[in-house]
Amino acid sequence: MKKFSDEFCDQLHDLMSWRRDVRHFQPDKPVPDELLTTVLEAVRLAPSVGLSEPWRLISVKSAAARARSLANFEAANAEALQGYSGERAKIYAGLKLSGMRDAPVQLAVFCDDGTGKGAGLGAGTMPEARRYSVVSAVMNLWLMARAHGLGVGWVSIIDPGQMAADLAAPKGWALVAYLCIGYPVEESQTPTLEKVNWEKRDPLLAEVEER
Ligand SMILES: Cc1cc2nc3c(=O)[nH]c(=O)nc-3n(C[C@H](O)[C@H](O)[C@H](O)COP(=O)(O)O)c2cc1C
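Following our numbering from start to finish, the sequence shown increments by one per residue and tops out at 246.
As structure tokens, this is what we get:
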């Protein structure tokens, strides 16, 4: 059986504790192609319901596509702000909730809800399991990127239908994540939202209820 050393297990824990959602990227430090390939390959190692591998990635590269994506985020973000008042609104307005202006790599990650791969195993009872599979692939990518010194920021403040249309995504693809990837400006063990008093993390050991 493949064994992983205690040292590796400690490092894996470190990797998880130093993974952050990154919104500030070094704009003039591109991600080497080879490294990007390594990070993208981590997607293929993810589990998926029925081995359906429903993840579909679009690299948002052109100035026009980036401008449309950014406009989508800015409109959704302005609308979200309207939902807050008082101190919350003040904090929200000061948050940077995407690195879309400066991230050198930007990926729209979709789930192919209509894929025939896997012959529907497991997705009959829980069709949403395909999307969960895509989320697990994003997590693989996120950790692999961080292991190589890259930061990843997940943007969900987006109109998903508009994004799919703007990127001419095939019918049946649903947006799961918009990822900004690049070298981070800083690193930290504390989530930004905790630093700005938006929310606190729960104590490490969440209680597990028993029945
Ligand atoms: C599904 C999902 C969607 C998220 N969407 C956003 C987003 O739109 N903008 C943002 O700044 N952060 C977003 N985040 C990042 C979270 O705010 C972040 O993970 C959380 O505050 C904990 O911080 P950490 O990732 O640095 O541990 C998202 C994270 C997840 C998992």
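Ideal Cβ positions, reconstructed from N, Cα and C, are used throughout, including at glycine. Since this is a predicted model, take the numbers as computed values, not measurements.
Using CA coordinates, which residue listed in H183, S191 and N232 is at the minimum distance from L50?
Translated into the one-based positions of the sequence shown, residue 50 becomes position 15. For the options H183, S191 and N232, the alpha carbon positioned closest to that of L50 is the one of H183.
Tell me, to the nearest whole angstrom, how far the beta carbon of I193 is from that of L142; I am working on the premise that it is less than 8 Å.
Counted from its first residue, the sequence shown places residue 193 at position 158. Counted from its first residue, the sequence shown places residue 142 at position 107. At roughly 13 Å, the Cβ-Cβ gap does not stay under 8 Å, so I193 and L142 are not in contact.
Host alpha helix (DSSP H) of S40 (start-end)
Locating residue 40 in the sequence shown gives position 5, where the first residue counts as 1. From DSSP, S40 is part of no alpha helix (DSSP H); its letter is neither H nor E.
Rounded C-beta distance between G85 and G153? I'm assuming under 8 Å.
To locate residue 85, count along the sequence shown from 1; it is residue 50. To locate residue 153, count along the sequence shown from 1; it is residue 118. At roughly 3 Å, the Cβ-Cβ gap stays under 8 Å, so G85 and G153 are in contact.
Among D41, V170 and E222, the one whose alpha carbon lies nearest that of L210
Here residue 210 refers to the residue found at position 175 of the sequence shown. Measuring from the Cα of L210, the nearest candidate turns out to be V170.
Report yes or no: do the region 226-239 and the region 70-86 share at least 3 C-beta pairs separated by less than 8 Å?
The region 70-86 and the region 226-239 do not touch, with fewer than three beta-carbon pairs separated by less than 8 Å.
Between D89 and T150, is the Cβ-Cβ spacing less than 7 Å?
For the purposes of this step, residue 89 is taken as the residue at position 54 of the sequence shown. For the purposes of this step, residue 150 is taken as the residue at position 115 of the sequence shown. The identity of residue 89 in the sequence shown is Pro, whereas the question assumes Asp. The Cβ atoms of P89 and T150 lie closer than 7 Å to each other.
Judging by CA-CA distance, which residue of S83, G217 and R54 is the nearest neighbour of G155?
Looking up residue 155 in the sequence shown gives position 120. It is S83.
What distance in whole Å lies between the Cβ atoms of M135 and S104, which are believed to be in contact at a cut-off of 8 Å?
In the sequence shown, counting from the first residue as 1, residue 104 sits at position 69. In the sequence shown, counting from the first residue as 1, residue 135 sits at position 100. Going by Cβ atoms, the distance from S104 to M135 rounds to 6 Å, so yes, they are a contact pair.
Using the Cβ count rule (16 or more neighbours within 10 Å means buried), how would you classify V243?
Start at 1 with the first residue of the sequence shown, and residue 243 comes out as number 208. By the neighbour-count criterion, in which 16 or more other beta carbons inside 10 Å mark a residue as buried, V243 falls on the exposed side.
Endpoints, the alpha helix (DSSP H) within which R103 is located
Position 68 of the sequence shown, counted from the first residue, corresponds to residue 103. Here the alpha helix (DSSP H) through R103 covers A98 to Q117.
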